[in-house]
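Student: Going letter by letter, the sequence shown gives residues 4 to 613 in the working numbering. Note that the Cβ used here is the ideal one computed from N, Cα and C, for glycine as well. What follows is a structure written as C-alpha cells; I'll ask about it next.
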Amino acid sequence: MELDIPHRTAADCYRAIAAPANAGRPWLVTERRTVSFGELRVRIDAIAGLLANLGVVVGDRVVVGTRDDAEAALLFVALVCNGITVVNLDPETGVERAQSLIRRADAALLLLDRELAGKWSASEQAVRLVEIVASAPASSGLLGRLMGKSTPAEGLHALLAATSPQPPPDALDERTLAYILFTSGTTDRPKGVGISHRALFAHLHTLGSVYGYDPDSRIFNSLALSHADGMIQGPVIGFCHQACVFRPMRFEVTRVDALLDAIYRLRITHMVTVPTVLSLIVRLGLDQRDAFLGGDFRLLVSCGAQLEKRLWEDFRTVFRAPLVNVYGLTETVIGGVFAGPDADTGVPGCIGVPRDCRLRIVDEAGRDVAPGEMGELLLQGDNLMSGYYGDPELTNRVLRDGWLHTGDLARQDAGGLYWIVGRVKNIIIRGGYNISPEEVTEVLHRHPGVREAIVFGVADGVWGETVAALVVADAEVEVASLHALCSEQLEAWKVPSRIQRVEALPRGRSGKVVIDDARAMFDAGAAPAARSTAAPGDVAERLLRVAAASFNTEPANLSLHSTPDDVPGWDSLAHMELVIALEKEFAVQFSARDIMALDRLDKALTVVDA
Numbered sequence: 004m005e006l007d008i009p010h011r012t013a014a015d016c017y018r019a020i021a022a023p024a025n026a027g028r029p030w031l032v033t034e035r036r037t038v039s040f041g042e043l044r045v046r047i048d049a050i051a052g053l054l055a056n057l058g059v060v061v062g063d064r065v066v067v068g069t070r071d072d073a074e075a076a077l078l079f080v081a082l083v084c085n086g087i088t089v090v091n092l093d094p095e096t097g098v099e100r101a102q103s104l105i106r107r108a109d110a111a112l113l114l115l116d117r118e119l120a121g122k123w124s125a126s127e128q129a130v131r132l133v134e135i136v137a138s139a140p141a142s143s144g145l146l147g148r149l150m151g152k153s154t155p156a157e158g159l160h161a162l163l164a165a166t167s168p169q170p171p172p173d174a175l176d177e178r179t180l181a182y183i184l185f186t187s188g189t190t191d192r193p194k195g196v197g198i199s200h201r202a203l204f205a206h207l208h209t210l211g212s213v214y215g216y217d218p219d220s221r222i223f224n225s226l227a228l229s230h231a232d233g234m235i236q237g238p239v240i241g242f243c244h245q246a247c248v249f250r251p252m253r254f255e256v257t258r259v260d261a262l263l264d265a266i267y268r269l270r271i272t273h274m275v276t277v278p279t280v281l282s283l284i285v286r287l288g289l290d291q292r293d294a295f296l297g298g299d300f301r302l303l304v305s306c307g308a309q310l311e312k313r314l315w316e317d318f319r320t321v322f323r324a325p326l327v328n329v330y331g332l333t334e335t336v337i338g339g340v341f342a343g344p345d346a347d348t349g350v351p352g353c354i355g356v357p358r359d360c361r362l363r364i365v366d367e368a369g370r371d372v373a374p375g376e377m378g379e380l381l382l383q384g385d386n387l388m389s390g391y392y393g394d395p396e397l398t399n400r401v402l403r404d405g406w407l408h409t410g411d412l413a414r415q416d417a418g419g420l421y422w423i424v425g426r427v428k429n430i431i432i433r434g435g436y437n438i439s440p441e442e443v444t445e446v447l448h449r450h451p452g453v454r455e456a457i458v459f460g461v462a463d464g465v466w467g468e469t470v471a472a473l474v475v476a477d478a479e480v481e482v483a484s485l486h487a488l489c490s491e492q493l494e495a496w497k498v499p500s501r502i503q504r505v506e507a508l509p510r511g512r513s514g515k516v517v518i519d520d521a522r523a524m525f526d527a528g529a530a531p532a533a534r535s536t537a538a539p540g541d542v543a544e545r546l547l548r549v550a551a552a553s554f555n556t557e558p559a560n561l562s563l564h565s566t567p568d569d570v571p572g573w574d575s576l577a578h579m580e581l582v583i584a585l586e587k588e589f590a591v592q593f594s595a596r597d598i599m600a601l602d603r604l605d606k607a608l609t610v611v612d613a
C-alpha cells in the first residue's frame, strides 16, 4: 500500500541542477577530481544521445563496473535520469559471480573498466560492451569493442564526444526500475533487489527531511559506491538536494586522523558511515576530539548495521556530535526507521520510529503481538522494492499483502520506540556488509577435496560479526588453499576470518546441521589454537604465526619486513584483526598511534617485545 509521500522525480532534480546558478557549483569531490553540477548535466545529456544511438531504451538494464568513483557516480545518475535500470557491480566481484549477475540482469549494455571487461566478459554473451577509459585522445584509435557484433565500438569518452547530446525524458513511469542491486546470494540464485523510481525518490525525500539536507549541505561519505549506502546516501542524495558530496579518501585504519582532519578542514555538515568506522574512530581518534565541533557540523548518520548502545554512548561522550541511527534494508532503498536526531527517539540501542512508512511486529502465525512482546518486524511504505528481479517465488516469500517481512526480530517498548532483538533470516553482517553464508559455502564446495562445509557468523568486537567456517575435507587439503580459493572468488569482506577442519558437522535428528552446535564446535576448536600460540618460544616467530592467521596465509610467506603492499590479505579488516590477536596473544595494548603506524610487521614486534 502506497503512502503517497510527496517527492521530486528524476526530471525535477535534473531541471534543478540545470539552473544556471548551479553550473559551477561542486556536486562530487573525490581523491582525483571535482565534478560540478554543470558537468553532471552535460553527462546526463550526452548519455541520452548515446543511448539513442545504441538503441538502449527506457527499462533496459545497463551493467556498470568501475573503480573510478567519479565515473561510477556520473554513470549511475545519468542512466537513472534516462530511465535506464542500473546494475552497479562491485569491482571486486569474482569472475564467475559477475558473469552470473550479467546473465541474470539480461543486460543490454556493459560499461566496464578495461580490466573488468577482460575478466567479466564471456564470448558467448551477445551483449554490447563499451570500455570506460580515463581519457580519449583523438589519436587513440579504437578504445572499446562490441561484444557479439562485427563492428567494434569506441571507448565511452570517445563515443560521448562524438554523440549529439539531448535532454533526458521529461517524465518516466514511476514503476520503472531505477536500479537493481544484487545482494549476497548463491551463483545460481542471486538476489537482485529492484528499486523503482517511486521508491527511490520517495525515500530520498524522507532522508532529506530527517537529515535536513539542502544546497548548503556538505556530505562526507566514503562508503563503497557499489552498495546502496555509498551511492544512494552519497552522489544520488547530493543530486536530489543540490548538495556537495565529499569522498576525499578511501577509509583505512591507518588514516583515521586524516579522516577526522578532513571533517574539520572541509567544513563537513553531515557524515554518513557505519558502526565499524565509528568504533575505530572512538579507539583511534582521541587526539581529535574536536573534529565535529568546528561550527559547521550538523549530523552524523550511522547505517548498515545495528549501532550498539555502548558504542553510541562512547561516541557521543567523546566527540559530542549529534547522531542518528537508521534501520533499513536494501529492500527499503536504505532506511525507514530512525533513532534521532531528536532526543525523544535518539535513545542509544534502539532503532527509533518509522518515518514515511508503517511497522508491524507479528508472531509466527502472522498475528500482531502486544507492545513489549517479540516478533518479526514487518515494514510497509513507498520505499519498498518492487521485488527480486526475475524471481517471483522469492519475492512472494518476503512481500506479502504489501508488507515486507524483514527477517529481523523486534519489540516495541511502552514509549513507542522499536528495538531489534535478534534475527530470523540467515545473514551475517560484517562491518555493515550483508553476507549470505550460502554464497561462501558454495565457494568452499568448489574445492575438489571438500566434502562438506558450513558457514556462519561469530561475534566480533570490531566488525560486529565475522565469517567462520567448519569444513570436512580430505586429509591433503590445507586450510590455506581454502582461504586462497575464497579470496579469489569472493569480495574481501566475505572471506572467512577462520576456517576449521572437523571430522564431521554437528547434525540433529533430521540430519540438518545445527548452527548453534556448529558455533560451539568452532569456539571449542579455537581455544586450543590460541593456547598453542601462547606457548614459550621466539617472540618474532609467535608474531608471524599470529599475523599469518590474521592474513589467511602461511607463516613462511611473511617476514618482519612484510608490509600491506606485499601481503595480499593485509587490508583494513585484517589490520584490526591482527592488532586484536596480538593484544590477546602477548597481553599488551596497542595505542592509537601504534595502530596507525603499523605498516610493517617489525613495528608490531617493537610493541609486543617492549
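#1: Could you check where the alpha helix (DSSP H) with K312 kicks off and where it finishes?
#2: Looking at the strands, I want to know which residues DSSP matches up with K194.
#3: If you draw a straight line from the C-alpha of T469 to the C-alpha of V498, how long is it?
#4: Let me check understanding here. Comparing Cα to Cα, which of L303, S199 and W573 lies closest to A342?
#5: If you reduce the DSSP assignment to three classes, tell me which class P499 lands in.
#6: If V38 and L82 are in contact, beta carbons under 8 angstroms, what's the gap, nearest whole angstrom?
#7: Can you give the beta carbon distance from F40 to A26, rounded, assuming they're within the 8 angstroms contact cut?
#8: In three-state terms, what does DSSP make of M388?
#9: Can you list, in chain order, the residues of its chain with a C-beta nearer than 8 angstroms to that of V365? Leave out the 5 residues immediately preceding and following it.
#10: Can you tell which of E255, S199, C16 and Q169 has its C-alpha closest to the C-alpha of V336?
#11: Give the secondary structure of D519 by DSSP, where H, G and I count as helix, E and B as strand, and everything else as coil.
#12: With D15 as the anchor, note down where its beta strand (DSSP E) starts and where it stops.
#13: Judging by CA-CA distance, which residue of V61, Y436 and E134 is the nearest neighbour of L162?
#14: Start and end of the beta strand (DSSP E) containing L456?
#15: Compute the Euclidean distance between the alpha carbons of H408 and L104, then round it to the nearest angstrom.
#16: May I have the straight-line CA-CA distance separating W573 from L561, to the nearest angstrom?
#17: If distances are taken between C-alpha atoms only, which option among T566, N224 and L604 comes closest to V542?
#18: Nearest to V582 by alpha carbon, out of A552, D317 and G390?
#19: Would you mind stating whether A227 and D93 have Cβ atoms separated by less than 9 angstroms?
#20: Counting along the chain, where does the alpha helix (DSSP H) carrying M252 start and finish?
#21: Expressed to the nearest angstrom, what Euclidean distance is found between the alpha-carbon atoms of Q592 and P9?
#22: Can you pull the DSSP bridge partners for Q383?
#23: Quick test of the definition: if touching needs 3 or more C-beta pairs under 8 angstroms, does the segment 348-363 touch the segment 325-332?
#24: Could you tell me which of F525, I20, R178 and G241 sits nearest to L210, measuring between CA atoms?
#25: Should L145 be labelled buried (16 or more other beta-carbon atoms within 10 Å of its own) or exposed?
Tutor: Taking the definition as stated:
#1: K312 to F322
#2: T186
#3: Cα atoms of T469 and V498: separation of roughly 9 angstroms, rounded to the nearest angstrom.
#4: L303
#5: coil
#6: Actually they are not in contact, since the Cβ atoms of V38 and L82 sit about 16 angstroms apart, beyond 8 angstroms.
#7: 7 angstroms
#8: coil
#9: D371, V372, G378, E379 and L381
#10: S199
#11: helix
#12: In this chain, D15 is not harboured by any beta strand (DSSP E); it is covered by the alpha helix (DSSP H) spanning A13 to I20.
#13: E134
#14: Looking at the sequence provided, one finds Ala at residue 456 rather than Leu. Element bounds for A456: V453 to D463.
#15: 24 angstroms
#16: Annotation: W573 to L561 spans about 11 angstroms, alpha carbon to alpha carbon.
#17: L604
#18: Minimum Cα distance to V582 is reached at A552.
#19: Remark: C-beta atoms of A227 and D93 approach each other more closely than 9 angstroms.
#20: For M252, there is no enclosing alpha helix (DSSP H), since its DSSP letter is neither H nor E.
#21: 52 angstroms
#22: Note: Q383 sits in a beta bridge opposite R361.
#23: yes
#24: G241
#25: In this prediction, L145 has a pLDDT of 31, which is less than 50 and means its spatial position is unreliable; what the coordinates show is noted afterwards. So L145 counts as exposed.
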